[in-house]
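Numbering (this note's numbering), first residue to last: 128 to 270.
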């Protein structure tokens with residue numbers, strides 16, 4: 128019994144160490160991509176519908192989104208309010224504007240009434256690439 132407990136303890140500690148060190152490397156790589164993401168950002172007009180559909184996909188997945196209001200959609204804005212008071216929860220807004228042969232996307236994320244710049248950049252990265260933090264192992268070597 129004593130040996131079984133020792134083996135279990137060693138396995139648990141070993142797996143914890145391996146997962147901790149490998150996860151930090153992936154998270155650090157992903158953070159670099161997020162920091163370099165522009166918000167607002169441009170997409171070519173011919174691929175802007177793909178980005179707009181990713182915005183809708185993000186809302187359907189509801190990653191890190193605690194809201195409860197009705198999603199308001201039109202041709203150029205998607206707004207996900209937190210009921211009637213954005214200061215209490217998360218609110219999210221996607222905007223797109225056609226300029227020449229490009230479309231400018233802007234993502235705004237608020238948490239408890241404060242603009243979340245890094246979170247908005249992460250969502251913008253997802254709209255631009257289709258890659259989110261849960262798909263880190265699919266990051267290209269040079270993006």
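Using N, Cα and C, we set each Cβ at its ideal position, and we do this for glycine too.
Taking the C-alpha atoms as reference points, what is the distance between residue i and residue j?
i: residue 139; j: residue 175; result: 46 Å
i: residue 167; j: residue 250; result: 11 Å
i: residue 129; j: residue 145; result: 24 Å
i: residue 246; j: residue 141; result: 32 Å
i: residue 199; j: residue 165; result: 25 Å
i: residue 209; j: residue 240; result: 10 Å
i: residue 197; j: residue 203; result: 17 Å
Relative to the C-alpha of residue i, which candidate in the options has its C-alpha closest?
i: residue 206; options: 135, 261 and 235; result: 235
i: residue 237; options: 229, 231, 226 and 221; result: 221
i: residue 256; options: 187, 203 and 180; result: 180
i: residue 258; options: 132, 142, 185 and 227; result: 185
i: residue 223; options: 217, 209, 208 and 201; result: 201
Would you grab the beta carbon distance between residue i and residue j for me? Rounded to a whole angstrom, and I think it's under 8 Å.
i: residue 229; j: residue 172; result: 6 Å
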